[in-house]
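Right, one structure below, let's go through it.
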DNA sequence: AAAAGCGGTGCAATTTTTGCACCACACATT
DNA sequence: AATGTGTGGTGCAAAAATTGCACCGCTTTT
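Protein chains in written order, with our numbering: chain A, 1 to 300; chain F, 301 to 600.
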């Protein structure tokens with residue numbers, strides 16, 4: 001895109017921290033790049049960069065400019081996506097930052113469903129914690145975020161929020177499997193695997209455990225990988241915890257799941273969101289609609 | 301602005317309706333302009349113009365592009381305005397489309413007040429009816445609109461709405477001047493000057509007159525100029541009608557004003573608005589704040 | 001049938017951009 | 001204190017992109 005070329009160079013300079021390094025990255029001469037930057041600042045009417053002995057850095061005006069650049073890029077790709085859409089061909093790209101829990105079952109299913117109708121649309125899916133997800137939205141690195149209990153909601157516009165009670169995973173031969181619903185005290189009494197403390201499930205469990213005689217969890221294993229935990233309970237007769245959206249509830253994968261009583265543990269809030277005030281390109285917007293519908297069907 | 305150059309040419313072609321004419325307007329060769337357009341369409345990936353025997357016309361994709369171009373322009377000037385603002389110098393431009401009633405007293409006063417603090421800010425003020433005003437907003441020709449009872453509110457984002465009862469203007473020696481509040485039937489019984497049927501005041505009066513024995517107004521003069529009406533009642537002992545925001549209520553200009561009873565005639569709604577979803581540059585945004593405050597003080 | 005107006009194109013002139021060599025400066029290292 | 005390294009900036013010639021000119025083919029108007 002010709003008219004965004006200067007923006008591309010500016011972004012490169014920001015990344016590299018110096019004009020010379022950026023010039024190398026972009027395969028042009030430092031002098032050429034330097035002149036582009038200077039010319040741009042001239043035409044804009046204000047300096048964008050602070051000149052330091054070791055390179056350049058954005059000044060406050062530059063920060064605004066950077067945000068503007070990202071917006072322009074996003075607007076332009078949305079325009080292309082809209083035009084592509086009205087010429088009949090649904091194409092585009094959807095970039096998702098989500099909680100790990102969505103990776104094994106929910107998102108693969110949803111994406112496959114969407115692509116069945118619109119094979120021209122491609123996806124990027126990455127696991128991110130709640131802070132990272134929000135940052136990705138505000139840098140336009142992700143179109144959509146799907147996370148549990150996001151922290152700062154300043155740039156995060158909530159499209160839909162659903163609650164998810166915590167489920168307990170175990171092998172079918174586990175004695176606890178006989179109950180339709182489990183009490184937290186019974187779970188803490190048996191060997192359990194828990195997610196690392198930063199995860200939403202763990203936060204809810206920790207806070208609930210304080211109200212029991214156990215006072216806290218005593219996991220035989222801790223992991224950042226929900227995948228690991230799901231598989232572990234199949235190998236040893238332990239239990240673990242997960243939101244139902246991250247589980248297969250039919251027992252087809254070697255484990256079964258039972259809900260924890262809502263008397264003991266608060267449910268988690270799963271939030272579907274996008275960057276506040278941003279209008280998404282066609283493909284992400286439609287996918288958000290589909291997700292929104294699917295999540296409401298999931299609701300407990 | 302270099303990166304908006306192609307956009308400028310595209311807009312010129314849209315205006316001119318043909319590449320050759322646009323080329324003349326822009327003082328370049330038709331061939332050069334033609335190649336710019338073709339190159340742009342190539343890079344964009346879609347044609348923007350329909351090629352007709354008599355010239356070119358926007359296709360649907362082009363309509364989206366035009367909207368995009370206007371948005372980009374607006375965003376860029378807002379960015380410049382923001383940067384100028386943070387470097388201390390408040391400068392910029394505010395373009396206002398408003399009802400005629402705001403022209404004699406309210407806006408001159410407000411603008412003078414604003415410019416007393418920020419002499420670097422310039423203004424454009426034009427009288428527009430409610431339909432025109434909304435159109436001006438959506439083409440980014442005006443930043444702010446201030447009109448009575450706008451029709452379609454699709455692109456019109458209401459910032460503030462206040463009601464204005466209709467006032468009756470007359471010379472101080474008019475017998476009606478003895479009443480603190482006037483009844484419509486008394487006004488229709490004496491010679492009156494009325495605004496043309498498209499104006500908000502007239503619509504309210506027409507609809508209220510149907511409920512009286514007179515059934516309708518019988519103006520001795522009709523005009524599209526509120527200025528004319530204000531002056532007419534000074535020359536002949538007739539009455540006329542206007543919203544109080546368009547009047548000097550101190551009798552300093554040769555006429556006095558009395559409110560029509562709200563029992564007889566509904567008050568008009570004065571709406572302050574901007575283009576839906578648009579973030580205004582600094583100067584217009586601040587001026588909207590000031591207007592908003594001033595209007596609330598005006599409220600009846 | 002002719003004329004006028006349109007978008008598109010090959011080619012040379014012109015303008016713009018780039019690369020190279022170099023400068024002045026600030027900081028880090030010796 | 002001297003030197004070295006990395007930075008942004010600049011003059012000048014080479015390279016690249018843009019433009020202007022002269023056309024073409026086409027459709028509508030006269």
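A virtual CB, placed ideally from N, CA and C, is assigned to each residue, including glycine.
The structure displayed is predicted, hence computed values, not measured ones.
Residues bridged to residue i [DSSP beta-bridge criterion]
{"i": "residue 195 of chain A", "result": "A:223"}
{"i": "residue 258 of chain A", "result": "A:168"}
{"i": "residue 542 of chain F", "result": "F:467"}
{"i": "residue 355 of chain F", "result": "F:352"}
{"i": "residue 445 of chain F", "result": "F:397 and F:573"}
Own chain partners of residue i with C-beta closer than 6 Å, once the 5 adjacent residues on each side are dropped
{"i": "residue 254 of chain F", "result": "Because chain F spans 301 through 600 in this model, residue 254 of chain F falls outside it and cannot be assessed."}
{"i": "residue 69 of chain A", "result": "7"}
{"i": "residue 340 of chain F", "result": "306"}
{"i": "residue 397 of chain F", "result": "426, 428, 433, 436, 442 and 445"}
{"i": "residue 118 of chain A", "result": "90"}
{"i": "residue 513 of chain F", "result": "none"}
{"i": "residue 374 of chain F", "result": "440"}
{"i": "residue 334 of chain F", "result": "319"}
{"i": "residue 509 of chain F", "result": "516 and 517"}
{"i": "residue 243 of chain A", "result": "101, 164 and 268"}
Contacting residues, own chain, Cβ-Cβ under 8 Å from residue i (five flanking each side not counted)
{"i": "residue 455 of chain F", "result": "434, 437, 438, 575 and 576"}
{"i": "residue 1 of chain A", "result": "76"}
{"i": "residue 290 of chain A", "result": "110, 113 and 114"}
{"i": "residue 58 of chain A", "result": "14, 48, 49, 50, 65 and 66"}
{"i": "residue 292 of chain A", "result": "159, 160 and 272"}
{"i": "residue 258 of chain A", "result": "167, 168, 170, 176, 177, 179, 180, 181 and 182"}
{"i": "residue 565 of chain F", "result": "465, 466, 484, 504, 505 and 508"}
Cβ shell of residue i (< 7 Å), same chain only, five flanking positions each side left out
{"i": "residue 486 of chain F", "result": "476"}
{"i": "residue 316 of chain F", "result": "322 and 325"}
{"i": "residue 245 of chain A", "result": "101, 102, 106, 164, 270 and 298"}
{"i": "residue 203 of chain A", "result": "none"}
{"i": "residue 30 of chain A", "result": "19, 20 and 23"}
{"i": "residue 238 of chain A", "result": "191, 192, 193, 220 and 232"}
{"i": "residue 248 of chain A", "result": "105"}
- Message: Extract the residue ranges of the alpha helix (DSSP H) inside the segment 357-435 of chain F, only unbroken runs of 4 or more that lie entirely within it.
- Response: Runs found: 360-386 and 406-417.
- Query: Which runs of the beta strand (DSSP E) fall wholly inside the segment 148-219 of chain A and span at least 3 residues, in chain order?
  - Reply: For the segment 148-219 of chain A, whole beta strand (DSSP E) runs of length 3 or above, ordered along the chain, are 156-164, 167-170 and 192-195.
- May I ask you to list, following chain order, the residues of the segment 360-371 of chain F that have a beta carbon less than 8 Å from some beta carbon of chain A? Contact annotation: in the segment 360-371 of chain F, residues whose CB is within less than 8 Å of a CB in chain A are 360, 361, 364, 365, 368 and 371.
- Is there contact between the segment 523-533 of chain F and the segment 405-421 of chain F, where contact requires at least three CB pairs shorter than 8 Å? Contact between the segment 523-533 of chain F and the segment 405-421 of chain F is not established, with fewer than three Cβ pairs separated by less than 8 Å.
- Task: Residues of the segment 383-415 of chain F with a CB closer than 9 Å to any CB of chain A: list them in chain order, please.
- Result: So the close ones are 383, 384, 386 and 387.
- Contact set between the segment 32-54 of chain A and chain F, restricted to residues whose Cβ is under 8 Å from the partner: Those residues of the segment 32-54 of chain A that come within reach of chain F (Cβ to Cβ, closer than 8 Å) are 39, 40, 43, 44, 45 and 46.
- Message: Tell me whether the segment 87-95 of chain A and the segment 278-298 of chain A touch, counting them as touching only if at least three CB pairs, one residue from each stretch, are closer than 8 Å.
- Response: Under the 8 Å Cβ criterion, the segment 87-95 of chain A counts as touching the segment 278-298 of chain A, having at least three qualifying pairs.
- Task: Give, in chain order, every unbroken run of the beta strand (DSSP E) that is at least 3 residues long and sits entirely within the segment 565-591 of chain F.
- Result: Listed in chain order, the beta strand (DSSP E) elements of length 3 or more contained wholly in the segment 565-591 of chain F are 568-575.
- Query: Is the number of C-beta pairs between the segment 359-373 of chain F and the segment 71-87 of chain A that are closer than 8 Å three or more?
  - Reply: In short, these stretches touch, since the Cβ pair count reaches three.
- Query: Quick one: any contact between the segment 552-561 of chain F and the segment 340-356 of chain F, if contact means 3 or more CB pairs under 8 Å?
  - Reply: No contact exists between the segment 552-561 of chain F and the segment 340-356 of chain F.
- Query: When Cβ atoms are compared, which residues of the segment 554-581 of chain F fall closer than 9 Å to chain A?
  - Reply: Shown in chain order are the members of the segment 554-581 of chain F whose Cβ falls below 9 Å from a Cβ of chain A: 577 and 579.
- Message: Does the structure place the segment 207-225 of chain A close enough to the segment 179-198 of chain A that three or more beta carbon pairs sit under 8 Å?
- Response: Because the criterion of three Cβ pairs below 8 Å is met, the segment 179-198 of chain A and the segment 207-225 of chain A touch.
- Message: Residues of the segment 140-157 of chain A in Cβ contact with chain F at a cutoff of 9 Å, in chain order, please.
- Response: Residues: none.
- Taking Cβ-Cβ distances below 9 Å as the criterion, which residues of the segment 461-488 of chain F are in contact with chain A? Cβ contacts with chain A: none found.
- Identify each residue in the segment 311-332 of chain F for which the Cβ-Cβ distance to at least one residue of chain A is less than 7 Å, and report them in chain order. Within the segment 311-332 of chain F, no residue places its CB atom closer than 7 Å to a CB of chain A.
- Query: According to a CB-to-CB cut-off of less than 8 Å, which residues of the segment 214-240 of chain A neighbour chain F?
  - Reply: Per Cβ criterion, the list is empty.
- Message: By the 8 Å beta-carbon criterion, what residues does the segment 281-300 of chain A contribute toward chain F?
- Response: Hits within the stretch: zero.
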